[in-house]
Amino acid sequence: MPRHIFIVRATVPEAAEREAFDKWYSREHLPDAVKSFGCNKAWRFWSAVDPSQHSAMYEFNDRETLDRAATGEEMKRLIRDFDRDWPAIKRTRDILVQSEEFGA
Numbered sequence: 043m044p045r046h047i048f049i050v051r052a053t054v055p056e057a058a059e060r061e062a063f064d065k066w067y068s069r070e071h072l073p074d075a076v077k078s079f080g081c082n083k084a085w086r087f088w089s090a091v092d093p094s095q096h097s098a099m100y101e102f103n104d105r106e107t108l109d110r111a112a113t114g115e116e117m118k119r120l121i122r123d124f125d126r127d128w129p130a131i132k133r134t135r136d137i138l139v140q141s142e143e144f145g146a
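Following this line, the structure appears as structure tokens:
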């Protein structure tokens, strides 16, 4: 069964805010989201090309579980919490479905 990845990309344009955002996401938001979503695991990245770009990825076993997480009441609460703490930070969301895995 293919893995499903839910991605949240955030643009943190002010360099002075990035450290505080990074700590908040790491200490508060990511653990809360993983628990609330019931996902397998999560990753976070800062872009090496554009330092204002932050991505969080959450892995799910199937689309049904991801869809429940992405549309449920816990997601609405997580969005409210994010908007409360970081009202100026714009975000986009995406869903990736694994089509192939290749390794040496």
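Numbers 43 to 146, taken from this note's numbering, label the letters of the sequence shown in order.
Backbone N, C-alpha and C define an ideal beta-carbon position, used for all residues, glycine too.
query: Take N82 and list the residues in its own chain whose beta-carbon comes closer than 6 Å to its own, dropping the five residues that flank it on each side.; result: E101
query: Is the region 89 to 99 touching the region 53 to 68 in the sense that three or more CB pairs, one from each, lie closer than 8 Å?; result: yes
query: Report all residues from its chain with a CB closer than 8 Å to the CB of N103; omit the five preceding and five following residues, and keep chain order.; result: M43, R45, H46, N82
query: Tell me the DSSP bridge mates of V139?; result: H46
query: Report the residue from L108, E106, R86, R105 whose alpha carbon sits nearest the alpha carbon of A98.; result: R86
query: Have a look at E116 and G145 and give me their C-alpha separation to the nearest angstrom.; result: 36 Å
query: V50: buried (16+ other C-beta within 10 angstroms of its C-beta) or exposed?; result: buried
query: Measuring only the C-alpha atoms, how far is S78 from A111?; result: 8 Å
query: Going straight from the alpha carbon of E59 to that of W66, what length do you get?; result: 11 Å
query: Shortest alpha-carbon distance to S89 belongs to which of F124, D109, R105, D64?; result: D64
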